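Per the numbering used here, the very first residue in the sequence shown carries number 725; after that it's consecutive. Using N, Cα and C, we set each Cβ at its ideal position, and we do this for glycine too. Remember, it's a predicted structure, so these values are computed and weren't measured experimentally.
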Amino acid sequence: MKKVYTCFCTDVIHEGHLNILREANKYGEVIVGILSDAAMIKFNRFPTITMDERKQIVSDTGLVSAVVIQDEIMYDKIIAEIRPDYVIHGDNWRDGPESAIRSNVIENLEKYGGELVEIGYTYNENVKKIDDNMREKLAMPEYRRRRLRQLLRLCPVVKTIEVHSGLTGLIAEKTIVEHNGELDQFDAMWLSSLCDSTAKGKPDIELVDMSSRMRTIDDVMEVTTKPIILDGDTGGLVEHFVYNVRTLERMGVSAVIIEDKTGLKKNSLFGTEVVQTQDSVENFCEKIRAGKNAQRTEEFMIIARIESLILEKGQTDALNRAFAYVDAGADAIMIHSRKKSPDEIFAFCDRFRSKDRETPIVVVPTSFNGVTEAELAQHGVNIVIYANQLTRSAFPAMQSTAVEILKNHRALEAEERLMPFQEIITLIDDM
Ligand code: SPV
Ligand code: MG
C-alpha cells in the first residue's frame, strides 16, 4: 500500500478538505499531519480549538488511517519521518508566501522520488462563509482578549507592531513574509499614544483623550483579529483608570501598559530634555492594585512601565520599582530606554530574571534598534514592540509626494513611488 501525506491547519473541516481526503484515498493509505499551535500561528490563523480537537475532527471524517502532529511549517522533518510516496495539497499555494512551503515539499520529495499531487482547491460560497465565520470568531472580544496570554505561552517572543488606524491594522494583520525558508508575521498590535496622537496632528501629552483612543481601537478592531496592547500613558486618575480597565476588557483589548509618570506626561523619547515627573512607588502600586481589583476577566493584563532608565534614575531604582509593581499585581513589566545600545536593557533584564523567572518583560527597541528579537529573548524578554516605525515610514513618503506635486504642478513625477490603488484595496475585505 502506498503512503499519502497531507497537512491540515484548520479548525473546521469543510468540503474542500473532504475533497482532498477523498482524492488522497485514491493513491493509498492517508496520513494527515495537524500543524501544531506554535507552527500554525507563524502564518495561518490563530487556532480557536486545541490541537487534540483538531486531531479529532480529522479522525472523525473516517477518511484517514492516521493523524500525526507536524510541528514545523516546513516539511523536512515530517517527510524524513514518514517518507510518503505522495504528498497531496490544494493548488492554492502556488503564489504568495505559501509557495515557499510548496518548494520545500518538492525539494524533500525529490530526495527519494516521492511525488507531489496538487488538486483544484474548492472555493465556493459555502467555504467562503466558513472562512469568514472563523475570522469573525477570532475578532470576538473573548477570543481576542485571551490571545496575548496564549501567545506568551507559545512564542519565544511576541512580535508587536504599532497601529493607529484601520489601514495600519490591516498591515499588522496581513503582512506575511517568507525569508530564508521561514514564514513569519506579527503576533500582536501596539496602539501607541505617540502615533495615535501624531495621526491626529496632536502632541503626545495625553491630549488625545480615552474616548478618542477607544474610537481608534474600534477602527482597528473592525478589520483585524490580532490582540491589542494599548499604550495607556499614565493611566490617568485612579478613579478614571478603573473605569477604563472595564471598558477595555469589554472591548476585547488584551493588555494596557501604564507608565509610572505623573502630571503632564511627555513622550519618553525626549528623556530628560523636558520636565517629566516619575510617580512615587506607593502611588503607582495603588493604581496597579485598583486596576487589578476592577478587572473582571482572568485574561486581561495590566503591564507596569518603568521610566527610571529614561529619567536617568539608575538600575537599582528601576529594579526596585519592577519588583514592587509585580508585588502590587502587575501582570508584566515594561522597561524602557533611549540609549543607542541595548546594554542597560540587558543589565536590567538579567538582574530582574535572576529573581523573577516568570513575569513577562516587554521592551521597545526604538533607539537600540540594532538588537534582534533573539538577543532580547536570551535576556528573558517576552514581548518586543516596534512602537512607531509605520508612522515614521509613512510620514516622509507622504511629505515628499506633496513636495513633488508642488514642484511640478502635476502628479506624474510622484507616480513612480506610488502604489496603485488596485493593489492597496487587495488588503481590504469585502463583506
Ligand atoms: C508610544 O509609542 O507612544 C510609547 C513608546 O509610549 S515611546 O514613544 O517610545 O515612549
Ligand atoms: Mg506612549
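Item: CB contact flag (Ile1059, Ile1085, <8 Å); Value: yes
Item: 4-residue-minimum alpha helix (DSSP H) runs that sit fully inside the stretch 726-795, ordered along the chain; Value: 739-749, 761-767 and 775-783
Item: The ligand MG heavy atom lying under 7 Å from the CB of Asn1106; Value: no
Item: Buried or exposed (CB count within 10 angstroms, at least 16 for buried), Arg1156; Value: Nothing about residue 1156 can be read from this structure; the chain reaches only from 725 to 1155.
Item: heavy atom of the ligand SPV below 7 Å from Val811 C-beta; Value: no
Item: Nearest residue (CA-CA) to Leu1114, options Asp957, Glu886, Arg1141 and His964; Value: Glu886
Item: Spatially closest choice to Ala1138 from Glu1128, Glu1147 and Phe1145, by CA coordinates; Value: Glu1128
Item: Buried versus exposed, by CB contacts within 10 Å (16 or more), Asn857; Value: exposed
Item: Member of Ile755, Val788 and Ile793 whose CA lies at the smallest distance from the CA of Asp761; Value: Ile793
Item: Strand pairing of Trp914, partner residues [DSSP]; Value: Glu886 and Ile953
Item: The stretch 968-987 contacting the stretch 863-873, beta-carbon criterion three pairs below 8 Å; Value: yes
Item: Contacting residues, own chain, Cβ-Cβ under 8 Å from Glu969 (five flanking each side not counted); Value: The residue asked about is misnamed: residue 969 is Val in this sequence, not Glu. Same-chain partners within the cutoff: Val980, Gly1015, Ala1018, Gln1019, Phe1024 and Ile1026.
Item: Gln1002 classed as buried or exposed, judged by whether at least 16 other C-beta atoms fall within 10 angstroms; Value: buried
Item: First and last residue of the uninterrupted alpha helix (DSSP H) at Ile830; Value: Ser823 to Glu834
Item: Candidates Gly959, Asp943, Gly960 and Thr958: closest to Ile952 by CA position; Value: Asp943
Item: Same chain only: Cβ atoms within 7 Å of Thr1021, ignoring 5 sequence neighbours per side; Value: Arg869 and Glu973
Item: Cβ-Cβ distance between Lys989 and Thr958 below 8 Å; Value: yes
Item: Secondary structure, beta strand (DSSP E): runs of 3+ residues fully inside the stretch 1074-1104; Value: 1085-1087
Item: Residue range of the unbroken alpha helix (DSSP H) whose run includes His964; Value: Val962 to Met975
Item: Host alpha helix (DSSP H) of Glu1006 (start-end); Value: Val1005 to Ala1018
Item: Cβ-heavy atom distance, Leu988 to the ligand SPV, below 7 Å; Value: no
Item: Inter-residue Cα distance where the pair is Asn904 and Ala824; Value: 10 Å
Item: Collapsed DSSP secondary structure at Gly814 in the structure displayed; Value: strand
Item: Rounded separation between Met938 and Leu954 - CA only; Value: 10 Å
Item: First through last residue of the beta strand (DSSP E) which encompasses Tyr1049; Value: From DSSP, Tyr1049 is part of no beta strand (DSSP E) but of the alpha helix (DSSP H) over Gln1039 to Asp1051.
Item: Touching by the beta-carbon criterion (3+ pairs, under 8 Å), the stretch 757-776 and the stretch 829-839; Value: no
Item: Check whether Thr949 and Ala912 have beta carbons under 8 Å apart; Value: no
Item: Counted within 10 angstroms of its Cβ, other Cβ atoms place Arg877 as buried (16 or more) or exposed; Value: exposed
Item: Assigned secondary structure, Lys985 (DSSP; H/G/I helix, E/B strand, else coil); Value: strand
Item: Of the residues Val841, Asp795, Glu805 and Pro927, the one placed nearest Asn816, counting alpha carbons only; Value: Val841
Item: Per-residue burial, Glu983 [other beta carbons within 10 Å of its own, 16 or more giving buried]; Value: buried
Item: Supposed contact pair Ile1057 and Ile1034 - C-beta distance, whole angstroms, cut 8 Å; Value: That belief does not hold up - the Cβ atoms of Ile1034 and Ile1057 are roughly 14 Å apart, past 8 Å.
Item: heavy atom of the ligand PLP below 7 Å from Ser917 C-beta; Value: With respect to small molecules bound, the structure shown includes the ligand SPV and the ligand MG and not the ligand PLP.
Item: The stretch 918-928 in contact with the stretch 781-791 per 3-pair CB rule at 8 Å; Value: no
Item: Alpha-carbon spacing of Lys802 relative to Asp1153, whole angstroms; Value: For the sequence presented, residue 802 should be read as Ile rather than Lys. Going by the C-alpha atoms only, they are around 34 Å apart.
Item: Sheet register partners of Leu907 (DSSP bridge); Value: Glu902
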